[in-house]
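Residue numbers (the numbering used here): 1133 to 1279.
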């Protein structure tokens, strides 16, 4: 099991590159700890100390269902590109652009089945809403559809 730490100890142990540059870094860290608690990564103990119960890296292994993209007919080269990007060690960004009826939304709906992926409709989302979404859910895959 992981060691227990107070909020102050968490703040002290943060590497400089990720330490909040805020007039009140304690509250920034406390807010982030509560987000991690909602995600099941840390727990708040009765004594007011925090304990990691799961490392985020444990979620990083992507399980790809055997039937991913099976509802989409054709587009074999695009399916292969997506599968390669899902198993790539480096982050991959893909922009689907094309005429209506070319399976763009179907591809995104299929990708939304993956663990820690989030699907959003771009027409009803704001920059602030998407930023909040990224902070709260920390998805591995963010899928934004214009529809």
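No residue lacks a Cβ here, since even glycine has one placed at the ideal position from N, Cα and C. Given the structure is predicted, the values throughout are model-derived calculations rather than measurements.
Can you name the start and end residues of the beta strand (DSSP E) that residue i belongs to?
i	result
residue 1175	1174 to 1176
residue 1251	1249 to 1253
Where residue i and residue j are concerned, what is the direct C-alpha to C-alpha distance, given to the nearest angstrom?
i	j	result
residue 1209	residue 1201	12 Å
residue 1233	residue 1155	51 Å
residue 1141	residue 1162	11 Å
residue 1190	residue 1236	Because the pLDDT at residue 1190 is just 47, under 50, the model does not fix this residue reliably, and the point stays unresolved.
residue 1181	residue 1136	6 Å
residue 1240	residue 1178	42 Å
residue 1143	residue 1238	43 Å
residue 1170	residue 1267	12 Å
Is DSSP giving residue i helix, strand or coil here?
i	result
residue 1199	coil
residue 1156	coil
residue 1204	coil
residue 1278	coil
residue 1267	helix
residue 1272	coil
residue 1184	strand
residue 1144	helix
residue 1136	strand
residue 1228	coil
Identify which residue in the options has its Cα closest to the Cα of residue i.
i	options	result
residue 1274	1264, 1244, 1257, 1255	1244
residue 1175	1146, 1138, 1230	1138
residue 1231	1278, 1259, 1257, 1198	1278
residue 1242	1193, 1211, 1171	1211
residue 1221	1276, 1263, 1158, 1272	1272
residue 1160	1146, 1172, 1173	1146
Since residue i is in the alpha helix (DSSP H), which residue starts that stretch and which ends it?
i	result
residue 1236	1236 to 1243
Any 3 or more C-beta pairs closer than 8 Å across the stretch 1204 to 1224 and the stretch 1158 to 1174: no
Three or more C-beta pairs below 8 Å linking the stretch 1177 to 1186 and the stretch 1215 to 1235: no
Segment contact flag, the stretch 1244 to 1252 with the stretch 1222 to 1234, C-beta cutoff 8 Å, min 3 pairs: no
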